[in-house]
Amino acid sequence: RIMRPDDANVAGNVHGGTILKMIEEAGAIISTRHCNSQAGEACVAALARVERTDFLSPVCIGEVANVSAEITYTSRHSVEVQVNVMSENILTGAKKVTNKATLWYVPLSLKNVNKVLEVPPIQYARKEQEDEGKKRYEEQKLDRLETKQRNGDMIFPVINPEPHTVGYSQSSLIHLVGPSDCTLLGFVHGGVTMKLMDEVAGIVAARHCKTNIVTASVDAINFHKKIKKGSVITISGRMTFTSNKSMEIEVFVDADPFVDEPQERYRAVSAFFTYVSLSKEGKPLPVPQLLTETEDEKRRFEEGKGRYLQTKAKRQAQMQQAARQ
Amino acid sequence: RIMRPDDANVAGNVHGGTILKMIEEAGAIISTRHCNSQAGEACVAALARVERTDFLSPVCIGEVANVSAEITYTSRHSVEVQVNVMSENILTGAKKVTNKATLWYVPLSLKNVNKVLEVPPIQYARKEQEDEGKKRYEEQKLDRLETKQRNGDMIFPVINPEPHTVGYSQSSLIHLVGPSDCTLLGFVHGGVTMKLMDEVAGIVAARHCKTNIVTASVDAINFHKKIKKGSVITISGRMTFTSNKSMEIEVFVDADPFVDEPQERYRAVSAFFTYVSLSKEGKPLPVPQLLTETEDEKRRFEEGKGRYLQTKAKRQAQMQQAARQ
Amino acid sequence: RIMRPDDANVAGNVHGGTILKMIEEAGAIISTRHCNSQAGEACVAALARVERTDFLSPVCIGEVANVSAEITYTSRHSVEVQVNVMSENILTGAKKVTNKATLWYVPLSLKNVNKVLEVPPIQYARKEQEDEGKKRYEEQKLDRLETKQRNGDMIFPVINPEPHTVGYSQSSLIHLVGPSDCTLLGFVHGGVTMKLMDEVAGIVAARHCKTNIVTASVDAINFHKKIKKGSVITISGRMTFTSNKSMEIEVFVDADPFVDEPQERYRAVSAFFTYVSLSKEGKPLPVPQLLTETEDEKRRFEEGKGRYLQTKAKRQAQMQQAARQ
């Protein structure tokens, strides 16, 4: 679809959240179709996890985003979908890879939303494909368990914060979940949540560096709990780490099912977004260093540094491998 | 309502699809109101057909579109609505006719969506008005039967197409039907479908000529089958014909009611859109000729040429008639 | 236009904010058209104030909202517009007055947004109309000056608040101002701001009473300062007063023009919204009393009580007057 002014920031760069929302819509369609391809109980595929994804090049207003999706692995109860996004300037014909994402879906029964159905198996061209898929499946399963524990954390407001401290840029947004945000089952689309998360993370980044910023990458995101239509969701973001040219922002989503529900507020999703600051000519700018004050802030900064160095090392290894081939 | 940046292309011209959507909303309101004006079963008017319409002048961001609708004929089971759109520059006060459209609606029972109700007859000021309306009614009925047969065609992707071939510009878009896309009966508004069709046709036209393009006219559109909430619709477009200064694009809408329905994917709508290419000053530009390769493409080109020449002849006849009066 | 699921809450009642946005769009069109009706510098009418308005009956999904606007007074630099909203059930033909609102607009030059232009005078049918209009003009001018002073107040977050305290339900929302939110001058439409204010106030009300709530009335709203495209706005709401069956919520809008602007965050708008709680059958429910803790909260509760009693007395006087006539 054509990118519109409302999809982009003032500099004309399309929000990462808009791209994430399109990716998720494609993934939900292909996996729901697959899970209903055999006779049996009707179901809707619900997003369980998005693997880490890098935004390789910015998309601009007026360009066309082409999204293609393919099912690459099925376990008994989950589907792995690989989605590719290409941006095309239809005036010049130039095409660029924007990003590639891997998403995991779980089929939920249309009659009983708490029942997970079985997934029809796919055929693999080669045995290795199945083995590699299984390995990815085991890895993500482990990672999902781990993040469940990290989830107790909260963001507290700070009165009169100093510039470049954590409290100075932290932000939160509330959103009333409307009908268009939801699947046929009446639960929020994962893509809608990711778009709001990117919006908050972008505001945190812009408040910190007061320049034009763009999403560089999103860490793996796990969707622990469903969010029902009519809920109020609070999306909060705080900066955790800065390198010379990037900022890492942690984002939490809390849901408050406050109308005729006895349930308490709960943590539905959390993730790390990485942003870079760009000059008017689209060149990366240096980022002011984050000032950490409390022990927790210092610890989170070190953890962010760890993730940053790990990603950097992984990318260098990939480049060396590519160079050898 | 005031035209916003999201309603328009990068050059500030409002999309034909936005106008079509407003026209259809006005038509749906007036015909639903009329069909419920007598005591009896409540109903919702569903769009069955839009007659060919020309876009006489482009509308720009910031202008106000005034839509007026009038019922001009009723048969036993259908309503003809004439809609006029004027664009008004509220800064200068200048008003221009944007387009006039004729729409046919059918009242469907609110209790049983497959039941077509009777339409309360309208009063005609003169007997001739009724006779002319009846003639239009018979003509459109015939035409609707004809297009039903043409509908089996499909669009297949082409690998590495040459510039200006049919495969080079063909495009498709997938949309998940949400609640706000639908009427009270839970079926997609005709206007929503037309807006998406115009979006795809616009991408095809821009890919072909790499310039700023605007909708010049829409051929009669027949809505054969309803599309239900929760369906996935695929809108595909391919170029069929080019004259020196215009492009004809055929657009198909296929619906996939993929959850809780045993039904197969089906063709819901098809239509021809005509686009022109504009320079930065808003002057029409020459269009690169469409390169046809297969027999089918050559046949469709000839058919498109037939429609083009027929429209041209009709327009000249109207102008001569106007000049004589 | 037809009311859609996205315009309404889960019980199917259209948000007061959606109605306010439509009212403001109608007011902006008619006043911009009037201010440009004489030769001279082109201008855009900017909303300066909305008078208190009551929502007389709820609007539902599928109904059509008819908005009509009329200019009722002009001073040298401002225009008074009276807008009426009728909701129409097009299935039964039933029409109800939804609300009546009075808005004040000021014409800003298209070339220089800080220049207020002169308004072409309107003709009055009777001299009394002009005199009454002048009285309304003087009154609103006075009131605008008064609220300017109240504007220094801030909302501070509370950790672990008790149910039914002020801290328990207070909420805030951040929004990045996009192109479609803005007028031709690049400043936020007053209607967009009011819709967001209603959204926050509604969340505060729902958090307090955990039931389905609807907007009952909006106090006069003054728009002190313009908000520019690309700004981040924070809309905060806190409950100030409860009667047996209504809740008063104060809402602030703060703007943060953080991209390439040296300006500080500033208070752009503030207002009081009144909500009622409804049962599933649409009957008013009793509201839990607001628990006030600090001196400021107690003072605001008493002030809210004053406004509540004043409104009640005014309404009784109007009903007695109506009964006498």
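Protein chains in written order, with the working numbering: chain A, -15 to 309; chain B, -15 to 309; chain C, -15 to 309.
Cβ coordinates follow ideal geometry from the N, Cα and C atoms, glycine included.
Every value quoted in this text rests on a predicted model; they were computed, and no experiment measured them.
Would residue i and residue j qualify as a contact pair, given that the criterion is a beta-carbon distance under 8 Å?
i	j	result
residue 192/B	residue 230/B	no
residue 8/B	residue 173/B	yes
residue 87/B	residue 103/B	no
residue 34/C	residue 78/C	no
residue 90/A	residue 30/A	yes
residue 67/A	residue 10/A	yes
residue 26/A	residue 62/A	no
residue -5/C	residue 196/C	yes
residue 74/C	residue 13/B	yes
residue 45/A	residue 128/A	no
residue 169/A	residue 101/A	no
residue 69/B	residue 51/B	yes
residue 275/C	residue 148/C	yes
residue 225/A	residue 298/A	no
residue -2/A	residue -9/A	yes
residue 251/C	residue 240/C	no
DSSP on residue i, reduced to helix/strand/coil?
i	result
residue 5/C	helix
residue 278/A	coil
residue 153/C	helix
residue 285/C	helix
residue 211/C	coil
residue 138/B	coil
residue 218/C	strand
residue 185/C	helix
residue 120/C	helix
residue 232/C	strand
residue 194/B	coil
residue 227/C	coil
residue 180/C	helix
residue 84/A	strand
residue 45/B	coil
residue 18/C	helix
residue -11/A	helix
residue 203/B	coil
residue 92/C	strand
Please check the pair residue i and residue j, which I expect to be a contact at CB under 8 Å, by giving their CB distance rounded to whole angstroms.
i	j	result
residue 203/A	residue 0/A	Incorrect: roughly 12 Å between the Cβ atoms, too far for contact.
residue 263/A	residue 235/A	Not confirmed; about 26 Å, so no contact.
residue 121/C	residue 21/C	Between residue 21/C and residue 121/C the Cβ distance is about 20 Å, and since that is not below 8 Å, they are no contact.
residue 43/B	residue 3/B	7 Å
residue 163/A	residue 164/B	7 Å
residue 257/B	residue 199/B	6 Å
residue 271/A	residue 215/A	35 Å between Cβ atoms; not a contact.
Taking the alpha carbon of residue i as the point to measure from, which residue in the options has its own alpha carbon closest?
i	options	result
residue 167/A	205/A, 116/A, 208/A and 97/A	97/A
residue 210/A	188/A, 233/A, 176/A and -4/A	176/A
residue 185/A	260/A, 121/A and 48/A	260/A
residue 40/C	223/C, 201/C, 272/C and 53/C	201/C
residue 220/A	271/A, 285/A, 150/A and 37/A	150/A
residue 140/B	280/B, 293/B, 305/B and 289/B	280/B
residue -15/A	308/B, 286/B, 257/B and 218/B	218/B
residue 19/A	109/A, 258/A, 55/A and 291/A	55/A
residue 16/C	72/B, 124/B, 156/B and 250/B	72/B
residue 208/C	194/C, 117/C, 222/C and 171/C	171/C
residue 111/C	124/C, 76/C, 57/C and 265/C	57/C
residue 145/B	277/B, 267/B, 307/B and 113/B	277/B
Using a threshold of 7 Å, is the CB atom of residue i nearer than that to any non-hydrogen atom of the ligand GDP?
i	result
residue 85/C	Ligands are entirely absent from the displayed structure, and the ligand GDP is therefore not among its contents.
(request) Output, in sequence order along the chain, the residues in the segment 197 to 217 of chain A whose CB is closer than 9 Å to any CB in chain C. (result) 213, 214 and 216
(request) Give the residues from the segment -11 to 4 of chain B that approach chain A closer than 7 Å (Cβ to any Cβ), ordered along the chain. (result) -11, -10 and -6
(message) Which residues of the segment 153 to 177 of chain A have a Cβ closer than 8 Å to any Cβ of chain C? Give them in chain order.
(response) 155, 156, 157, 158, 159, 160, 162, 163 and 164
(message) To be precise: take each residue of the segment 100 to 131 of chain B, compare its Cβ to all Cβ atoms of chain C, and keep it if any distance is under 7 Å. Which residues remain?
(response) Cβ contacts with chain C: none found.
(request) May I ask you to list, following chain order, the residues of the segment 20 to 32 of chain B that have a beta carbon less than 7 Å from some beta carbon of chain C? (result) 20, 21 and 26
(message) Along the segment 74 to 102 of chain A, where does the CB come closer than 8 Å to a CB of chain B? Name the residues.
(response) Taking 8 Å as the Cβ-Cβ cut-off against chain B, the residues of the segment 74 to 102 of chain A that qualify are 74, 75, 76, 77 and 94.
(request) Identify each residue in the segment 41 to 66 of chain C for which the Cβ-Cβ distance to at least one residue of chain B is less than 7 Å, and report them in chain order. (result) Flagged, chain order: 46 and 48.
(request) With 7 Å as the C-beta to C-beta threshold (strictly closer), list the residues of the segment 181 to 193 of chain B near chain A in chain order. (result) 183, 187, 190 and 191
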